[in-house]
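Asker: The sequence shown begins at 1 in UniProt numbering and counts up one residue at a time. In this text, a Cβ means the ideal position worked out from N, Cα and C, and glycines have one as well. Would you mind keeping the following structure in view while I ask a few things?
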Amino acid sequence: MSKGYFGAFGGAYIPEILHETFAQLTLAYETARADEAFWRHYIELMRNYSGRPTPLTFAENLSLAHGKRRIYIKREDLNQTGAHKANNVMGQGLLVRRMGKTRVIAETGAGQHGVATATMAARLGLACTIYMGAKDVARQRPNVFWMEQLGATVIPVTSGSQTLKDAVNEAMRDWVGSMDNTHYVLGTACGAHPFPEMVSWFQSVIGQEARVQILEQEGRLPDHVYACVGGGSNAMGIFQGFLEDPQVELIGVEAGGLGLAGHNHASRIASGKSTVGIAQGYKTCFLQDEDGQMRDTHSVAAGLDYVGVSPILADLHQQGRVRFEAATDVEVVEALKRMVKSEGIIPALESSHAVAGALRELPQLKEDAVVIINLSGRGDKDIFTIAEALGDAKWKTYIQERAAIYAAEQGERS
């Protein structure tokens, strides 16, 4: 198989002007991967800076509600910056140092990758620019606030659907003109080779830890592992701990949005509506119209409304190793409410897709099933979206009161 391909998917379909940059990145990645000292340095950094290993928490109350079934939560929400994104960006930051570059750029949907990249840049002393769809800027203002406080320049993208896929395009345009001193910190296991493989490598720490932890706590491997899938980085992270164990079922849960009947979702594989195409430097399953143009997507979770999926996951699906499901916005909000009230854990809307998928299937699983849900991030960033979805009257009153104060201050200055 050609380098960078996973079955029929993957590759590096990039402009000629970027070939040398990708060759330099591939060499830096492959050299680092062969260097055991690099991985030890990475693990030490993640232990002392990000709080790894993250716990594997037994969900006692959810388990009690489902007979003898035992449910565990992999707590990536407890990472520095509140998501699994820290694993990837800190690894790429170490590669940036190896390559001698001084600036990083990134795109972000939910904002967690943007915050993680800005944090890494602050820690390592790098200039940082973040591209973000204008719609995502509006619904993820808390994360935009922190990116700017960390010293990053946040550029709202107003072209196209003003979401993640448009932010990716703008980041690529920046990179073409700045590659001499700039590294593009891709946030998920997508894009041209070596990004899918490299991001998956840094995220594999999730699965390595989870495998050891479940053996320590249960004395056996899990029966089922659930993870949400946008681009697929957190899913690739935890799935890699169990890929060679055929008795462990791996389930990816995509964004079902308003339902799979129309186009208001971001379910590439579970919907059966994607087609194979080439875009943004790689070949995978994309949601496209009859003319091959990328469709607009929808999800209550900004981090899952991406139009493509990791080529590695597309291949694993084609092999029958990963099963794909979708959870609707309504199911996701209900799953979030149940996790909050049952376990005292506030999951991100993205992670709540994995929770929703697991909760839906738990009654049908065997009575002594052991289940792991990868909680990729925490939900405090989603407070505006969640409060609106819940129709919380006290929250609305609070916002109206704050707006009145700001309006009065503006009036006094003008």
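If contacts are defined as beta-carbon pairs under 8 angstroms, then N143 and V115 qualify, I think. What distance do you get, rounded to the angstrom?
Answerer: Here residue 143 refers to the residue found at position 143 of the sequence shown. Here residue 115 refers to the residue found at position 115 of the sequence shown. About 5 angstroms separates the two Cβ atoms, so the contact holds.
Asker: Take residue 459 as the anchor and find which of L78, E197, G11 and R139 has the nearest alpha-carbon.
Answerer: Residue coverage of the chain in this structure runs from 1 to 414, which leaves residue 459 outside it and unanswerable.
Asker: In chain order, which alpha helix (DSSP H) runs of at least 4 residues are fully inside the region 281-341?
Answerer: Those alpha helix (DSSP H) runs which fall completely within the region 281-341 and span 4+ residues are 311-319.
Asker: I need the straight-line Cα distance from C228 to H353, nearest angstrom please.
Answerer: In the sequence shown, the residue the question calls residue 228 occupies position 228. In the sequence shown, the residue the question calls residue 353 occupies position 353. So the alpha carbons of these two residues sit roughly 6 angstroms apart.
Asker: Opposite H224 in the DSSP bridges: which residues?
Answerer: Working through the sequence shown from its first residue, we reach residue 224 at position 224. Note: H224 sits in a beta bridge opposite E249 and V371.
Asker: How would you write the range of the beta strand (DSSP E) that V276 sits in, first residue to last?
Answerer: Taking the sequence shown and counting its residues from 1, the one referred to as residue 276 is at position 276. It spans T275 to A279 - the beta strand (DSSP E) in which V276 sits, taken as one unbroken run.
Asker: Which residues share a DSSP beta bridge with F6?
Answerer: Translated into the one-based positions of the sequence shown, residue 6 becomes position 6. Looking at the DSSP assignment, F6 forms a beta bridge with F9.
Asker: If distances are taken between C-alpha atoms only, which option among R47, E249 and N234 comes closest to G303?
Answerer: For the purposes of this step, residue 303 is taken as the residue at position 303 of the sequence shown. Comparing Cα-Cα distances from G303 to each of R47, E249 and N234, the minimum goes to N234.
Asker: Under the assumption that C190 contacts G308 (Cβ atoms under 8 angstroms), give the Cβ distance between them as a whole number of angstroms.
Answerer: On the sequence shown, residue 190 is found 190 positions in, with the first residue counted as 1. On the sequence shown, residue 308 is found 308 positions in, with the first residue counted as 1. The Cβ separation is near 6 angstroms, so the contact holds.
Asker: Note down the Cα distance separating D174 from A59, rounded to an integer number of angstroms.
Answerer: The count along the sequence shown starts at 1 and reaches residue 174 at position 174. The count along the sequence shown starts at 1 and reaches residue 59 at position 59. About 44 angstroms.
Asker: Please list, in chain order, all residues of the same chain as K165 whose beta carbon is under 7 angstroms from its beta carbon, the five residues on each side excluded.
Answerer: Numbered from its first residue, the sequence shown carries residue 165 at position 165. The residues are M294, Y306 and V307.
Asker: Enumerate in chain order the residues of its own chain whose CB-to-CB distance from T397 is below 7 angstroms, with the five nearest sequence positions on each side excluded.
Answerer: Position 397 of the sequence shown, counted from the start, is the residue given in the question as residue 397. Here the set comprises nothing.
Asker: If I follow the unbroken beta strand (DSSP E) through K68, where does it start and stop?
Answerer: Position 68 of the sequence shown, counted from the first residue, corresponds to residue 68. Per DSSP, K68 belongs to no beta strand (DSSP E) and is neither H nor E.
Asker: Assign H113 to buried or exposed, taking buried as 16 or more other Cβ atoms, counted over all protein chains shown, within 10 Å of its Cβ.
Answerer: Along the sequence shown, one-based indexing puts residue 113 at 113. Buried: at least 16 other Cβ atoms inside 10 Å.
Asker: Spell out the partners DSSP gives V104 in its beta bridges.
Answerer: Residue 104 sits at position 104 when you count from the first residue of the sequence shown. Looking at the DSSP assignment, V104 forms a beta bridge with C128 and H183.
Asker: In whole angstroms, give me the CA-to-CA distance for S310 and E170.
Answerer: If you number the sequence shown from 1, residue 310 lands on position 310. If you number the sequence shown from 1, residue 170 lands on position 170. Straight-line Cα distance between these residues: approximately 20 angstroms.
Asker: Report yes or no: do three or more beta-carbon pairs, one from the region 38-52 and one from the region 92-102, lie closer than 8 angstroms?
Answerer: Touching, per the Cβ criterion.
Asker: With a cut-off of 8 angstroms, do at least 3 Cβ pairs link the region 248-260 to the region 210-228?
Answerer: With the cut-off at 8 angstroms, the region 248-260 and the region 210-228 touch.
Asker: Quick check: what's the CA-CA separation for R70 versus V371?
Answerer: Numbered from 1 along the sequence shown, position 70 holds the residue referred to as residue 70. Numbered from 1 along the sequence shown, position 371 holds the residue referred to as residue 371. Each residue's Cα considered, the two are about 6 angstroms apart.
Asker: With a 10 Å radius around its C-beta and 16 neighbouring C-beta atoms as the bar for buried, classify A261 as buried or exposed.
Answerer: Position 261 of the sequence shown holds residue 261. With fewer than 16 Cβ atoms within 10 Å of its Cβ, A261 is classed as exposed.
Asker: How close, in whole Å, do the beta carbons of H265 and T297 come, if the pair is a contact with beta carbons under 8 angstroms?
Answerer: The residue labelled residue 265 in the question sits at position 265 within the sequence shown. The residue labelled residue 297 in the question sits at position 297 within the sequence shown. Their Cβ separation, rounded to whole angstroms, is 7 angstroms, which keeps H265 and T297 in contact under 8 angstroms.
Asker: Note down, in chain order, each residue of its chain lying with its Cβ closer than 6 angstroms to the Cβ of G277, except the 5 sequence neighbours on either side.
Answerer: Counting from one through the sequence shown, the residue named residue 277 turns up at place 277. So the list reads F286 and Q288, once near-sequence residues are dropped.
Asker: For A192, tell me which candidate among V89, G111 and G281 has the shortest Cα-Cα distance.
Answerer: In the sequence shown, counting from the first residue as 1, residue 192 sits at position 192. The shortest Cα separation from A192 among V89, G111 and G281 belongs to G281.
Asker: To test your reading of the DSSP string, which unbroken beta strand (DSSP E) runs of 3 or more residues are found completely within the region 131-182?
Answerer: As far as the region 131-182 is concerned, its whole beta strand (DSSP E) runs of at least 3 residues are 153-157.
Asker: Rounded to the nearest angstrom, what separates S414 and V322 at their Cα positions?
Answerer: By one-based count along the sequence shown, residue 414 stands at place 414. By one-based count along the sequence shown, residue 322 stands at place 322. If I take the Cα positions, the gap works out to 59 angstroms.
Asker: Tell me the DSSP secondary structure of G93 in three-state form.
Answerer: As a first step, residue 93 must be located in the sequence shown, where it is residue number 93. Three-state result, G93: helix.
Asker: Indicate the three-state DSSP secondary structure (helix, strand or coil) for A34 in the structure shown.
Answerer: Start at 1 with the first residue of the sequence shown, and residue 34 comes out as number 34. In the structure shown, A34 sits in coil (DSSP, three-state: anything other than H, G, I, E or B).
Asker: Please determine, among A348, A83 and F22, the residue with the shortest C-alpha to C-alpha distance to G51.
Answerer: Counted from its first residue, the sequence shown places residue 51 at position 51. The candidate whose alpha carbon is nearest that of G51 is A83.
Asker: Given C128, which residues of its chain have a CB within under 6 angstroms of its CB, disregarding the five upstream and five downstream residues?
Answerer: Taking the first residue of the sequence shown as 1, we reach residue 128 at position 128. Counting only Cβ-Cβ distances below 6 angstroms, and skipping sequence neighbours, we find V104, A118, A121 and A152.
Asker: Note down, in chain order, each residue of its chain lying with its Cβ closer than 6 angstroms to the Cβ of T81, except the 5 sequence neighbours on either side.
Answerer: For this step, residue 81 is matched to residue 81 along the sequence shown. The residues are V115, A116 and T119.
Asker: State the Cα-Cα distance for the pair D380 and A387, rounded to the nearest angstrom.
Answerer: By 1-based counting over the sequence shown, the position of residue 380 is 380. By 1-based counting over the sequence shown, the position of residue 387 is 387. Roughly 11 angstroms between the two C-alpha positions.
Asker: Would a C-beta distance cut-off of 8 angstroms place E350 and A301 closer than the cut-off?
Answerer: The residue labelled residue 350 in the question sits at position 350 within the sequence shown. The residue labelled residue 301 in the question sits at position 301 within the sequence shown. A contact, by the Cβ cut-off of 8 angstroms.
Asker: Straight-line CA distance for V205 to R402?
Answerer: Counting from 1 along the sequence shown, the entry for residue 205 is found at position 205. Counting from 1 along the sequence shown, the entry for residue 402 is found at position 402. If I take the Cα positions, the gap works out to 42 angstroms.
Asker: What is the DSSP secondary structure of I214, reduced to helix, strand or coil?
Answerer: The residue you call residue 214 lines up with position 214 of the sequence shown. Correct three-state label for I214: helix.
Asker: Which value, in whole angstroms, describes the spacing of the CA atoms of F22 and G320?
Answerer: The residue labelled residue 22 in the question sits at position 22 within the sequence shown. The residue labelled residue 320 in the question sits at position 320 within the sequence shown. Looking at the two C-alpha atoms, the distance is approximately 31 angstroms.
Asker: Using DSSP's beta-bridge definition, name the partner residues of G377.
Answerer: Within the sequence shown, numbered from 1, the residue matching residue 377 stands at position 377. Looking at the DSSP assignment, G377 forms a beta bridge with A83.
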